[in-house]
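Structure first, then comments.
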Amino acid sequence: MASMHEPEDALARLERLRKESDRLYNEALTALDGALPERPVLPEPPAGFDDFQIHPLNTSWRIVSEADIDWGTGWRGRLRRFVWNLIGPFLERQERFNAALVEHVNRNHQGETSGRTSVSGVITALDTHLQALAAFHSRLIQYLQQITLYVDTKDRREIGRLEQSLTAGLDSVTDEFRMRLESAAVHGHRIAAGMESTRQRLDHLGHMAADMESLAESTRQTRNEIEALQSEVEKRSAEQQGLRQSVDLVTAGTHSMKRELERLCRAPSPAAEPAISGPPRPVEPDLDAYKYVCFEDSFRGSREEIMAHQRAYLSYFEGASDVVDLGCGRGEFLSVLREGGITARGVDGNAEAVERCREQGLDATRADALGHLRTLADESIGGLFSSQVVEHLEATYLQRLLAEAHRSLRPDSRIVVETLNPACWMAFFSAYVRDITHRHPVHPETLKYLLRAGGFVDIEIVYRSPLPEVAKLQQVAVDPTIGDTPAGATVLELATAFNQHAERLNGLLFAEQDYAAIGRRP
0 MASMHEPEDA
10 LARLERLRKE
20 SDRLYNEALT
30 ALDGALPERP
40 VLPEPPAGFD
50 DFQIHPLNTS
60 WRIVSEADID
70 WGTGWRGRLR
80 RFVWNLIGPF
90 LERQERFNAA
100 LVEHVNRNHQ
110 GETSGRTSVS
120 GVITALDTHL
130 QALAAFHSRL
140 IQYLQQITLY
150 VDTKDRREIG
160 RLEQSLTAGL
170 DSVTDEFRMR
180 LESAAVHGHR
190 IAAGMESTRQ
200 RLDHLGHMAA
210 DMESLAESTR
220 QTRNEIEALQ
230 SEVEKRSAEQ
240 QGLRQSVDLV
250 TAGTHSMKRE
260 LERLCRAPSP
270 AAEPAISGPP
280 RPVEPDLDAY
290 KYVCFEDSFR
300 GSREEIMAHQ
310 RAYLSYFEGA
320 SDVVDLGCGR
330 GEFLSVLREG
340 GITARGVDGN
350 AEAVERCREQ
360 GLDATRADAL
370 GHLRTLADES
380 IGGLFSSQVV
390 EHLEATYLQR
400 LLAEAHRSLR
410 PDSRIVVETL
420 NPACWMAFFS
430 AYVRDITHRH
440 PVHPETLKYL
450 LRAGGFVDIE
460 IVYRSPLPEV
470 AKLQQVAVDP
480 TIGDTPAGAT
490 VLELATAFNQ
500 HAERLNGLLF
510 AEQDYAAIGR
520 RP
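All residue numbers for the sequence shown refer to numbering that gives the first Met the number 0, where the first residue is 0 and numbers rise by one.
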């Protein structure tokens, strides 16, 4: 019932609002009509200045002039001069007064005439304006009265249209509502039947719930057993991973020994020595070379990952030829150079690494790095690359190596030396310490100096292999607006200090893990 009364209440409220608006409008219109005061009676322009005596004053202000007196001769002349000397000064003073008075009267006459003309014009203009304002007020009142009638007429027309539309809509809604009521009645019977069926199903579900509870208990026991089995599987998986690494190591060792035996079988027998010398000494094969290659496979990264990392250095050798890769390892950079159409050969002291390079069709030689460079002619190679090698060398050996590299390189060719960055503590205490063949870490500034001392120019240090942000110390996010209060200012100060220290520690602990020193042979 409340919903049926709501439209009536809304209409009544609208009617009250309309009447109140009409009342306020009429009151405002009446107030507007009475707001304009009656037109005041303006005074007439003031009377003009009396200029009747102006002309006589201007023509008769001069009394007498000494130059105009006829003095005569004899005792009459002397008498006239005597009399003039007595009254002349008074007459001259009177004449000066007359002149000043006439001048003053003339000036005031002109000003008064101009002022009267202005006042007359202002009074006339003000009267005209007041007449126009009264006419505007009258027309405004007429307009407001007419616009009210116009709006009322327009509103009635719109209300009539809305009423027709609303009537049609209500008829349609009424029909729709009647149909829905009939449909709801039918649907209600169906719901009643469905509820009865639902009660029966609920009873059945109650029995099923008891069975499910029993099944859930059994499932919990099964899950515990599965978790125990999963733990056992993970343990066996770790053992299997260790076994797989051992198998890989044994397989690599087997291949290495097989290649060494084949080499020994192919090698010619040494010439017999005199009996006094004893039996000939056999050639000592490098049967442990495979172990370091397997070590790199386990910890350095896959061959594809290293190639993707080293492609960044390809641009330094564009247009070059006869590039030498010292410590070529598994041949990653040799493959990168081959992709770029650059001829290159690798040198490595590990026989297993050299064999892997050759299996890929790469040019590789087993030799000592310094010894190989000493066999090269002056200015015979077009570039030199060495990755993760210098940390294995003694300082004297490294300096000689750079000197031989400078001698062997052609003018304007590049040398790129990559190594671990000892300024990154993570790289030093993880990758560097893990490899027992490392001799000395080489600081970026040290390697830069050694290249410059070796005769190279345009030396630059390029840092590589940054750690992901999630591995670094995270800064504290603080809203700067909390500094408005004393407690908030303390928190903000502490957070700022913490963030500054975290940034410094990130620069020490988690800097780039590798760097490359790049120079040019002048």
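Think of the CB as a built atom: it goes at the ideal place given N, C-alpha and C, for glycine as much as any other residue.
**Item:** Helix, strand or coil at Arg-318 [DSSP, three-state]
**Value:** With the sequence shown as reference, residue 318 is identified as Gly, and Arg is not the correct amino acid for it. Here Gly-318 sits in coil by DSSP.
**Asked** What is the DSSP secondary structure of Glu-195, counted as helix, strand or coil?
**Response** helix
**Prompt:** Excluding the five sequence neighbours on either side, which residues of its own chain have a C-beta within less than 6 Å of the C-beta of Leu-361, listed in chain order?
**Reply:** Gly-330 and Leu-333
**Asked** Using a Cβ-Cβ cut-off of 8 Å (strictly less than) and excluding sequence neighbours within five positions of Val-104, which residues of its own chain qualify?
**Response** Ile-53 and Leu-56
**Request:** Please name the residue in Tyr-514, Ile-481 and Val-475 whose C-alpha comes closest to that of Arg-502.
**Result:** For clarity, residue 502 is Glu in the given sequence; the question names Arg instead. Glu-502 has its Cα closest to that of Val-475, out of Tyr-514, Ile-481 and Val-475.
**Message:** Tell me whether the region 415–423 and the region 475–489 touch, counting them as touching only if at least three CB pairs, one residue from each stretch, are closer than 8 Å.
**Reply:** no
**Prompt:** Is Ala-363 near Arg-337, with beta carbons less than 8 Å apart?
**Reply:** no
**Request:** Would you mind sorting Gln-387 into buried or exposed? The rule is 16 or more other CB atoms within 10 Å of its CB.
**Result:** buried
**Prompt:** Residues in its own chain within less than 6 Å of Pro-281 by CB, not counting five upstream and five downstream?
**Reply:** Only weak support is given to the placement of Pro-281: the predicted model assigns it a pLDDT of 37, under 50, and the value that follows is read from those uncertain coordinates. The answer is none, since no qualifying residue turns up.
**Request:** Kindly indicate which residue of Lys-447, Leu-383 and Asp-411 has the alpha-carbon position closest to the one of Asp-324.
**Result:** Leu-383
**Request:** Return the CA-CA distance between Pro-465 and Arg-433, expressed in angstroms with no decimal places.
**Result:** 19 Å
**Nearest-angstrom Cβ-Cβ length linking Val-353 and Ile-341, presumed shorter than 8 Å** = Between Ile-341 and Val-353 the Cβ distance is about 20 Å, and since that is not below 8 Å, they are no contact.
**Message:** Using a 10 Å radius around the Cβ and a threshold of 16 neighbouring Cβ atoms, would you call Glu-351 buried or exposed?
**Reply:** buried
**Request:** Alpha carbon to alpha carbon, how far is Gly-370 from Glu-393? Give it in angstroms, no decimals.
**Result:** 15 Å
**Asked** What do you get for Tyr-24, buried or exposed, if any count of 16 or more other CB atoms within 10 angstroms of its CB means buried?
**Response** exposed
**Request:** Express the C-alpha separation of Tyr-462 and Gln-512 in angstroms, rounding to a whole number.
**Result:** 8 Å
**Request:** Please state whether DSSP places Gly-518 in a helix, a strand or coil.
**Result:** strand
**Prompt:** Can you tell me whether DSSP reads Pro-410 as helix, strand or coil?
**Reply:** strand
**Asked** What is the rounded straight-line gap between the Cα of Leu-28 and the Cα of Pro-36?
**Response** 15 Å
**Alpha carbon of Arg-12 to alpha carbon of Glu-19, nearest angstrom** = 11 Å
**Message:** For a minimum of 4 consecutive residues, which ranges assigned as the alpha helix (DSSP H) are wholly contained in the region 132–189?
**Reply:** none
**Message:** Given this structure, state the Cα-to-Cα distance separating Thr-123 from Phe-96, to the nearest angstrom.
**Reply:** 41 Å
**Prompt:** So Ala-461 is in the beta strand (DSSP E); what residue range does that whole segment cover?
**Reply:** At residue 461 the sequence reads Val, which differs from the Ala that was named. Counting along the chain, the beta strand (DSSP E) containing Val-461 begins and ends at 456–463.
**Request:** Measure the C-alpha to C-alpha separation of Tyr-291 and Arg-219 and round it to an integer number of angstroms.
**Result:** Because Tyr-291 sits at a pLDDT of 47, beneath the cut-off of 50, its placement in the model cannot be relied upon, and the following sentence gives the value as read from the coordinates. Computed Cα separation, rounded: 49 Å.
**Item:** Opposing strand residues paired with Val-323 [DSSP bridges]
**Value:** Arg-344 and Leu-383
**Item:** Val-150 to Arg-156 span [Cα, whole Å]
**Value:** 10 Å
**Message:** Going residue by residue through the region 50–134, where are the continuous alpha helix (DSSP H) segments of at least 4 residues, counting only ones entirely within it?
**Reply:** 53–59
**Asked** Helix, strand or coil: which one does DSSP assign to Asp-362?
**Response** coil
**Asked** Taking the alpha helix (DSSP H) that Glu-331 falls in, what are its first and last residues?
**Response** 331–338
**Message:** Residues in the same chain with beta-carbon distance under 8 Å from Asp-21, minus the five sequence neighbours each way, listed in chain order, please.
**Reply:** none
**Asked** Thinking just about the alpha-carbon of each residue, which of Arg-79, Arg-438, Ala-46 and Leu-139 is nearest to the one in Val-118?
**Response** Ala-46
**Message:** Contact defined as beta carbons within less than 8 Å: I believe Ser-544 pairs with Ala-319. What is the distance between those atoms, to the nearest angstrom?
**Reply:** In this structure the chain extends from 0 to 521, so residue 544 is not present and cannot be described.
**Request:** State the DSSP-derived secondary structure class of Tyr-289, mapped to helix, strand or coil.
**Result:** Its pLDDT being 44, under 50, Tyr-289 is placed unreliably by the model, and the measurement read from it follows with that caveat. Note: Tyr-289 maps to helix in three-state DSSP.
**Prompt:** Run through DSSP, which three-state label would Glu-393 get?
**Reply:** coil
**Request:** Determine the extent of the alpha helix (DSSP H) in which His-371 is found, giving its start and end residues.
**Result:** 368–373
**Message:** Excluding the 5 residues flanking His-405 on each side, which residues of the same chain have their C-beta closer than 7 Å to its C-beta?
**Reply:** Gly-453, Gly-454, Phe-455 and Arg-520
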